[in-house]
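According to the working numbering, the sequence shown holds residues 3 to 405 in order.
Ideal placement from N, C-alpha and C gives every residue a C-beta, glycine not left out.
It should be emphasised that the depicted structure is a prediction, and the values quoted were computed from it without experimental measurement.
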Amino acid sequence: LLVPDFPTIAYIRGDGVGEDIFPEAKRVFDSAVEKAFGGNKKIDWLRLLAGEEAFKFKENYLPDETINSISEYLLAIKGPLMTPVGESFRSINVTLRQKLDLYACVRPVEYFEGIESPMKAPEKVDMTIFRENTEDIYAGVEFATGSSEAHQLIDFLEQTLKVTAIRFPKTSAIGVKPVSIEGTKRLVESAFDYALKNGKKRLTIVHKGNIMKFTEGGFRKWAYEVAEQYPSFTKLIYDKIKKEKGKKKAEEEKAAAMQAGKIYVDDVIADNFLQQIILNPQNFEVIATLNLNGDYISDALAAQVGGIGIAPGANINYKTGHAIFEATHGTAPDIAGLNQANPSSLILSGVMMFDYLGWHEVAQTIRKALFYAFKAKECTRDLGGSLSTSEFADILIKYIKEA
Ligand code: NAD
């Protein structure tokens, strides 16, 4: 990215706790930029409306101006948005991702010392999930039970699949799960690019190809095809050598490939993966997976390092450069307006944004401040501390100034 010294960054404050955490996170961002550049570089913040606020002023949860501005300025950072119930579109978040074709959902999962974790050795958890963000059941094509579309599909399927004697009860609701070659390949390429850029040694494809042969099985096949374009050593090659020349030779060749800086690529079935990340989290570094698997995996992994209050995320189209960085939790209506919410998820999403901008010194300053705060057990209630949202931001700013 070619970044001007005063880049315009669009932001959406968000609903519910968005109003508690956004102003505080923004104070932290501005203070870290000031610390790193002393006024020579600065963010020109552009406030955009979405969610309840947008509905109040524009009678539209996601006004066109908001999408057009993000489209023009490339980057945005946002708090959580409520999902309107019974509206024509399912979710503001999903709509934003689809309109801007933000095909990669990137979720780093990293443990900070001092944070309580249900894991015995949480320091072993250090993974980045690349979740495909536009396809799979999130394409949003479903037909309700009793609808004429569902009936037509049931008739068609019964006739087509007669031989296998599969029967669809007439009351079936039907969902469509598209998974394409190009959709899979662009996601897996971004996971490889990330792995190479960040010196990662292992990339794991997570899928349910044993059950869904063409969709999830296709994802696995196309992901391995992408691996052929990168400096990699795949489990497919390993297995082939093992079969032809024995395990010892396969291990030797794998070790030589790793020594030469290649990435080891394997695949794991999603249910086994959810078991493995608890038993052997140290075995995984970069994960490439489909939309629904990625949804489950992201929350499961977030829980290992302190929960959704601390897990950051970004939705990126690496081809156009468009990116939205966001708190991964929801609007937390139970604590909204109480100055209690943890702003760390949004702040760490900001860290990802500064890295994306190439402002690594800003990102590092904020990460260090979080590191010192958590180590000293200075944190909000959800992490076992007693600080309010604004007190926590004050502490971070203190560490940033002292750095
Ligand atoms: P939620 O994440 O809002 O809340 C779940 C629990 O986590 C609550 O107990 C809440 O208090 C707690 N929590 C969440 N964020 C916290 C924080 N920063 N600090 C401390 N505690 C925090 O999930 P929900 O209740 O299922 O959803 C509420 C609304 O948010 C719904 O409308 C949902 O659709 C929406 N949502 C939005 C996003 C998003 O914008 N990315 C993500 C998930 C849910």
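TODO: Taking only runs that begin and end inside the region 67-147, name each unbroken alpha helix (DSSP H) of 4 or more residues, in chain order.
DONE: Positions of the alpha helix (DSSP H) runs, each at least 4 residues long and wholly inside the region 67-147, are given as 94-101 in order along the chain.
TODO: Take residue 328 as the anchor and find which of 107, 222, 303 has the nearest alpha-carbon.
DONE: 107
TODO: Go ahead and label residue 275 buried or exposed: buried means 16 or more other beta carbons lie within 10 angstroms of its beta carbon, across all protein chains shown.
DONE: With 16 or more other Cβ atoms within 10 Å, it is buried.
Task: For residue 402 and residue 29, the rounded distance between their alpha carbons - done: 11 Å
Task: beta strand (DSSP E) segment containing residue 334, residue limits - done: Neither: residue 334 is in no beta strand (DSSP E) and is coded neither H nor E.
Task: Local conformation of residue 63 per DSSP, three classes - done: coil
Task: residue 363 CB to nearest heavy atom of the ligand NAD below 7 Å - done: With a cutoff of 7 Å, residue 363 does not count as near the ligand NAD, since its C-beta is closer than that to no heavy atom of the ligand.
Open item on the list: As a quick exercise: from 155, 380, 147, 188, pick the residue whose alpha carbon is nearest that of residue 173.
Closed with: 147
Open item on the list: At a threshold of 7 Å, does residue 69 count as lining the ligand NAD (C-beta to nearest heavy atom)?
Closed with: no
Task: Residues bridged to residue 200 (per DSSP) - done: Its beta-bridge partners do not exist; DSSP assigns none.
- [ ] Indicate, with yes or no, if the ligand NAD has a heavy atom lying under 7 Å from the CB of residue 84.
- [x] yes
Task: residue 77 beta carbon less than 8 Å from that of residue 325 - done: Yes, Cβ-Cβ distance for residue 325 and residue 77 is below 8 Å.
Open item on the list: I'd like to know if the region 211-219 and the region 277-288 are in contact, where contact means that at least 3 CB-CB pairs between them fall below 8 Å.
Closed with: no
Open item on the list: By the three-class DSSP mapping on this structure, what secondary structure does residue 372 have?
Closed with: helix
Open item on the list: Since residue 81 and residue 132 should fall inside the 8 Å C-beta cutoff, what is the C-beta to C-beta distance between them, to a whole number of angstroms?
Closed with: Wrong, their Cβ atoms sit about 23 Å apart, outside the cutoff.
Task: Closer than 7 Å: residue 19 CB and nearest the ligand NAD heavy atom - done: In terms of side-chain proximity, the C-beta atom of residue 19 is found nearer than 7 Å to a non-hydrogen atom of the ligand NAD.
Task: residue 114 to residue 73 span [Cα, whole Å] - done: 34 Å
- [ ] Out of 21, 122, 162, 311, state which residue places its alpha-carbon closest to the alpha-carbon of residue 383.
- [x] Ranked by Cα distance from residue 383, the options 21, 122, 162, 311 are led by 311.
- [ ] Inspect the beta-carbon positions of residue 27 and residue 315 and report whether they are closer than 8 Å.
- [x] no
Open item on the list: Buried or exposed, going by whether 16 or more other CB atoms sit within 10 Å of the CB of residue 51?
Closed with: buried
Task: residue 383 - containing beta strand (DSSP E), residue span - done: Here residue 383 belongs to no beta strand (DSSP E), and DSSP marks it neither H nor E.
TODO: Note the first and the last residue of the continuous alpha helix (DSSP H) segment covering residue 238.
DONE: 237-247
Task: Classification of residue 124 by the beta-carbon crowding that lies within 10 angstroms, buried from 16 upward - done: Residue 124 is buried by the Cβ-count criterion.
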